[in-house]
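Trainee: Let me give you the structure first, and then I'll get to my questions.
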Amino acid sequence: MKEQQQFPEDFQVTIKQLLQQMNDEVTDINQTFSTLKCCILSDLEELQHTMDHIKSNVSSYYLKAYLEPFTKHFITLTQAVQRLSEKRHGALIVIERSILVEPFLLGSIRVNAPVTQLLLESIFYPGNPLHDGGVLIRGDWILSAKNILPLTRNTEVSNKFGTRHRAAIGLSEQTDALVLVVSEETGRISFAMNGEIFPIKT
Numbered sequence: 001m002k003e004q005q006q007f008p009e010d011f012q013v014t015i016k017q018l019l020q021q022m023n024d025e026v027t028d029i030n031q032t033f034s035t036l037k038c039c040i041l042s043d044l045e046e047l048q049h050t051m052d053h054i055k056s057n058v059s060s061y062y063l064k065a066y067l068e069p070f071t072k073h074f075i076t077l078t079q080a081v082q083r084l085s086e087k088r089h090g091a092l093i094v095i096e097r098s099i100l101v102e103p104f105l106l107g108s109i110r111v112n113a114p115v116t117q118l119l120l121e122s123i124f125y126p127g128n129p130l131h132d133g134g135v136l137i138r139g140d141w142i143l144s145a146k147n148i149l150p151l152t153r154n155t156e157v158s159n160k161f162g163t164r165h166r167a168a169i170g171l172s173e174q175t176d177a178l179v180l181v182v183s184e185e186t187g188r189i190s191f192a193m194n195g196e197i198f199p200i201k202t
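Residues in the sequence shown are numbered consecutively from 1, following UniProt numbering.
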């Protein structure tokens, strides 16, 4: 991530506590492995869980910091993706920032409606003619739906992710847009920016 943010004090305390917890877990695993020579798979699983918890908290903080200068609908967006996640409805939501995104999109259907949670959920409802592809948001407006995004050409990424995630990463490689992704298969929520993708905790 290229953009830097100053963490508020209470957030720093939370992350430092989690990092200390992870450090303690590493120490325990090292001692167990060195002295008792028993299976450490469950300990490693717990360490991974702690790391994922840290990563999702930090990603969520950055998500808010990166969106707020460009749309006032951060809470609306996070509530919408949370609901879509719970229902396992796949989604791709592009939030335009400084660079115009439309030249990079194909197949757009104009919407021109205010950003609302209900509208976002209904667009991505399975069977809705607009649910395939991505929604484009500029400021307070949903400009279009059914957008086809450019796929990433990074072969390492292509092997790990499905089409939605590769499209989100692909657009974020060519613009400064932030792209929210909800996985239809797992319900997991992520965002792509600067060619990278990060899990988030809404």
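All residues carry an ideal CB built from backbone N, CA and C; glycine is no exception. None of the values given here were measured: they were computed from a predicted structure.
Looking only at its own chain, which residues have a Cβ that is under 6 angstroms from the Cβ of A91, when we skip the five neighbours before and after it?
Mentor: L84, F124 and V182
Trainee: Tell me which residues share the same chain as A145 and place their Cβ nearer than 6 angstroms to its Cβ, disregarding the 5 neighbours each side in the sequence.
Mentor: I109, V111, I123, L130 and V135
Trainee: Considering only the alpha carbon of each residue, which of L149, D140, E46 and S60 lies closest to P103?
Mentor: L149
Trainee: Check each candidate in I95, S172, M22 and L143 and name the one with the smallest Cα separation from N107.
Mentor: A small correction: the amino acid at residue 107 is Gly; Asn does not occupy that position in the sequence shown. The shortest Cα separation from G107 among I95, S172, M22 and L143 belongs to L143.
Trainee: Under the three-state reduction of DSSP, which class applies to V26: helix, strand or coil?
Mentor: In the structure shown, the three-state DSSP call for V26 is helix.
Trainee: Would you mind stating whether S172 and G195 have Cβ atoms separated by less than 7 angstroms?
Mentor: yes
Trainee: Under the three-state reduction of DSSP, which class applies to I200: helix, strand or coil?
Mentor: coil
Trainee: Excluding the 5 residues preceding and the 5 following E185 in the sequence, name in chain order all residues of the same chain whose CB lies nearer than 6 angstroms to its CB.
Mentor: Nothing listed; no residue qualifies.
Trainee: Among the residues of its own chain, which have a CB less than 8 angstroms from the CB of I15, if the five just before and after it don't count?
Mentor: Hits under 8 angstroms: F7, I54, N57 and V58.
Trainee: Using C-beta distances below 6 angstroms, list every residue in its chain close to L105, excluding the 5 sequence neighbours before and after it, in chain order.
Mentor: N147
Trainee: Hey, would you say V115 sits closer than 7 angstroms to H73, going by beta carbons?
Mentor: yes
Trainee: Nearest by alpha-carbon distance to E45: which of F191, V26 and N154 is it?
Mentor: For the residues F191, V26 and N154, the minimum Cα distance to E45 belongs to V26.
Trainee: Which stretch, first to last residue, makes up the beta strand (DSSP E) that contains S144?
Mentor: In this chain, the beta strand (DSSP E) harbouring S144 covers W141 to N147.
Trainee: Considering only residues of the UniProt domain "DAC" (44–202), which uninterrupted beta strand (DSSP E) runs meet the minimum length of 3 residues and lie entirely inside it, listed in chain order?
Mentor: 91–95, 109–114, 134–138, 141–147, 178–182, 189–193 and 196–199
Trainee: Look at the alpha carbon of T163 and the alpha carbon of F11, and state the distance between them as a whole number of angstroms.
Mentor: 34 angstroms
Trainee: Might you give, ordered along the chain, the residues of its own chain that have their beta carbon closer than 6 angstroms to the beta carbon of H89, omitting 5 neighbours on each side?
Mentor: F124
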